[in-house]
Amino acid sequence: MSHHTPVNPKPFLRDLISKKIVVTLKFNKTQYKGLLVSTDNYFNLQLSDAEEFIDSQSKGKIGDIFIRCNNVLWIGQDVAAESNEEVKATEEVKGTEDVKSSAVEEAVVQETAPAAGAEGTQEP
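Residues in the sequence shown are numbered consecutively from 1, following the UniProt record's numbering.
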């Protein structure tokens, strides 16, 4: 049997501010995914860059949204979105490293290549 540890909701929500979250509503199998901007003492939620999902199918981006507390069934961090952003950031860093390494290799080749017209000239 699994063991569930209860979590105090106020610090939990405070820790989710400025992170991507998933909010499941009590009705119509509706979910909203977006960035948690703020919450209050009643657990009302303000999300930005929100997207609506019904039956796990995206119904489109809706931008800023306010969700009243009495409609919320479940709140959690959108781990899939966070990991996708980390992968994109890693790919961007790798891309800049490739550009840097090719620029360094090109500079080394230019330094080691003989100058034009330098063949056959000798210093006295």
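Ideal Cβ placement from N, Cα and C applies to all residues, glycine included.
Might you give, ordered along the chain, the residues of its own chain that have their beta carbon closer than 8 angstroms to the beta carbon of residue i, omitting 5 neighbours on each side?
i: leucine 73; result: Thr24, Leu25, Lys26
i: proline 9; result: Phe43
i: phenylalanine 53; result: Thr30, Gln31, Tyr32, Lys33, Lys59
i: glutamate 82; result: Lys19, Lys20
i: asparagine 28; result: Ile54
Using the beta-carbon count (16 or more within 10 Å), is residue i buried or exposed?
i: tyrosine 42; result: exposed
i: glutamine 57; result: exposed
i: threonine 5; result: exposed
In its own chain, which residues sit with a C-beta less than 7 angstroms from the C-beta of residue i, not counting the 5 before and 5 after it?
i: aspartate 78; result: Lys20, Ile21, Val22, Lys33
Do we get a CB-CB distance below 8 angstroms when we pair residue i with the residues of chain B?
i: threonine 5; result: Of the chains in the structure shown, none is chain B; there is only one protein chain.
Please list, in chain order, all residues of the same chain as residue i whose beta carbon is under 6 angstroms from its beta carbon, the five residues on each side excluded.
i: alanine 50; result: Tyr32, Gly34, Ile62, Ile65
i: glutamine 46; result: Val37, Ser38, Phe66
i: glycine 76; result: Val22
Inter-stretch contact at 8 angstroms, needing at least 3 Cβ pairs: the region 56-69 / the region 11-18: Contact between the region 56-69 and the region 11-18 is absent, because fewer than three Cβ pairs lie under 8 angstroms.
Quick check on the DSSP output: what are the complete alpha helix (DSSP H) runs of length 4 or more inside the UniProt domain "Sm" (8-81), in order along the chain? Unbroken alpha helix (DSSP H) stretches of 4 residues or longer found wholly inside the UniProt domain "Sm" (8-81): 9-16, given in chain order.
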